[in-house]
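Accompanying notes for the structure given below.
Numbering (my numbering), first residue to last: 286 to 518.
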């Protein structure tokens, strides 16, 4: 299926899907030293959207593990860079000091993108899909316990004393995200979440001050949350 054919199919599958909000949970280093902001969990409309896509487009490959929990990749380690145990603890201290518990990002549209780099700094195709009016009341706010627990377990892992081995694993450095790569995915861009970007910019600056020349950061306009890959089997 061509990119121009895929977008209408996704749009039909998502008709009536309500807009939703994502609430920040924490910033931390995932495996390979990839810096991410985790959100509390996918709210019901986002979960519904993912399920609709799987039913409507059976040719899609199985969902990647990385999109089963909501996160925004904000940066990564530079090429040929590793951290020491002391540097990892410094990074933890900076991230712990960042208060990300009260930021809400309103998601009123999602985007079908065909990318030429995994950071989404280079796109071949993009089609935005407006979502329906948001739900109100508890139904809009409630995140399933299993989703919260998944996010909490992932964040807790980086406190493990042995986590340095996972930080320094090979791969997923700058060239992984900015080098040539092809794929299709459904994302929610966070371009209009000003409070989110302002806070994250300050966190990135604090990390650079504490650990100079260790990380690269992706620009505001490509920060996004992946709902699921749109690659086929």
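In this text, a Cβ means the ideal position worked out from N, Cα and C, and glycines have one as well.
Residue 490 to residue 335 span [Cα, whole Å]: 34 Å
If distances are taken between C-alpha atoms only, which option among 443, 325, 473 and 402 comes closest to residue 431? 325
In terms of alpha-carbon separation, which member of 478, 444, 414 and 376 lies closest to residue 488? 376
DSSP bridge partner residues for residue 443 (one or two, in chain order): None; residue 443 has no bridge partner.
Taking all protein chains shown into account, decide if residue 456 is buried (16 or more other Cβ within 10 angstroms of its Cβ) or exposed. exposed
Can you tell which of 460, 451 and 410 has its C-alpha closest to the C-alpha of residue 289? 410
Can you have a look at residue 347 and say buried or exposed, based on whether 16 or more other CB atoms are within 10 angstroms of its CB? exposed
In chain order, what residues of the same chain have a beta carbon less than 8 Å from the beta carbon of residue 337, not counting five sequence neighbours either side? 298, 299 and 302
Spatial distance of residue 343 from residue 353 (CA atoms): 18 Å
In chain order, what residues of the same chain lie with their CB nearer than 6 Å to the CB of residue 391, ignoring the 5 residues before and after it? 306
Counted within 10 angstroms of its Cβ, other Cβ atoms place residue 404 as buried (16 or more) or exposed: buried
Less than 6 Å between C-beta atoms, sequence neighbours within five positions excluded: which residues of the same chain meet that for residue 386? none
Could you check how far apart the C-beta atoms of residue 512 and residue 331 are, in whole angstroms? I think they sit under 8 Å. 7 Å
What are the uninterrupted segments assigned as beta strand (DSSP E) that are 3 or more residues long and contained completely in the stretch 431-487, given in chain order? 468-474
For my contact list, residue 368 and residue 453 are in at a C-beta cut-off of 8 Å; report their separation, rounded to the angstrom. 6 Å
Check for me: the alpha helix (DSSP H) holding residue 339 runs from which residue to which? 329-341
Simplified DSSP assignment, three categories, for residue 420: coil
Just to confirm my understanding: we take residue 517, look at its own chain, exclude 5 residues before and 5 after, and list those with CB closer than 8 Å. What are they? 286, 344, 345 and 346
Cβ separation of residue 327 and residue 443, assumed to be a contact under 8 Å, to the nearest whole Å: So it is not a contact: roughly 21 Å between Cβ atoms.
In whole angstroms, what separates the C-alpha of residue 388 from that of residue 437? 17 Å
Contacting residues, own chain, Cβ-Cβ under 7 Å from residue 494 (five flanking each side not counted): none
Does residue 511 come out as helix, strand or coil in the three-state DSSP assignment? strand
Which residue from 482, 428, 448 and 464 puts its Cα closest to that of residue 355? 428
Residue 368, DSSP secondary structure in three states: coil
Bridge-paired residues (DSSP) for residue 390: 307
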